[in-house]
């Protein structure tokens, strides 16, 4: 089983729509969680950290469910510039490394 | 101004050759990493160095050898290149092992 699994998509949504997707992780000792964004042929960049209580950053909302070992990302009022691959990233306290999901591709169309 | 830089950006070479990729960060971070992103887009960690000391060494063929001359540099040397080594290699750095990682622009390696 992969350490971090994501629905690859693609999610094709119109501008202004809401899109949400999840990621599951297998290491119950994981202690930190992140969403990174990767544009085509570019490097990944941190979008937001995910806190236990859930957190919001503008149009982006992240949730963590430790019992079911999943993380979610919701994008409200999608913009064309939100088109990218979103990588779910988990840090394990037992192996001290970041594990990346393969990414969920989101395409926002005009 | 570039935080994490890598050279070269593109590398096309023949099987069996030896090549190096260089990475430098000017963020003052203590920890640096090498990742490999294959055609399926999975980013997999290869190595991690903290203050010039190797702390993570994933199951990577010993043809791959990282070298950290100082904490701002982490180079990757690859011997006897194989077709399967074709991928994008990203260097990254972070203040400590749990903090946000900053990635370089990547080196696209193609082995013919």
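Residue numbers (the numbering used here), protein chains in the order written: chain A, 3 to 112; chain B, 7 to 118. The beta-carbon is built from N, C-alpha and C at its ideal position, and this holds for glycine as well.
A straight-line Cα-Cα distance of about 7 Å links residue 14 of chain A and residue 111 of chain A.
Below the 8 Å Cβ cutoff, chain B contributes no neighbours of residue 12 of chain A, its closest Cβ being approximately 12 Å away.
DSSP links residue 91 of chain A through a beta bridge to A:36, A:102.
Per DSSP, the unbroken beta strand (DSSP E) holding residue 62 of chain A starts and ends at 62-67. Taken atom to atom, the span from the alpha-carbon of residue 70 of chain B to that of residue 61 of chain A is near 42 Å. CA-to-CA, the gap between residue 74 of chain B and residue 106 of chain B works out to about 21 Å. By the neighbour-count criterion, in which 16 or more other beta carbons inside 10 Å mark a residue as buried, residue 42 of chain B falls on the buried side. Linking residue 51 of chain B to residue 106 of chain A through their CA atoms gives a straight-line distance of about 19 Å. Residue 45 of chain A and residue 110 of chain B have their C-alpha atoms roughly 6 Å apart. Residue state for residue 60 of chain B is assigned as strand, using DSSP reduced to three classes. Residues of the stretch 50-73 of chain A with a Cβ closer than 9 Å to any Cβ of chain B, in chain order: 51. Across the stretch 93-104 of chain A, CB contacts with chain B closer than 7 Å involve 93, 98, 99, 100, 102, 104, in sequence order along the chain. Between the beta-carbon of residue 40 of chain B and that of residue 89 of chain B there is about 20 Å, and that puts the pair past the 8 Å contact cut.
One alpha carbon belongs to residue 76 of chain A, the other to residue 27 of chain A, and they sit about 18 Å apart.
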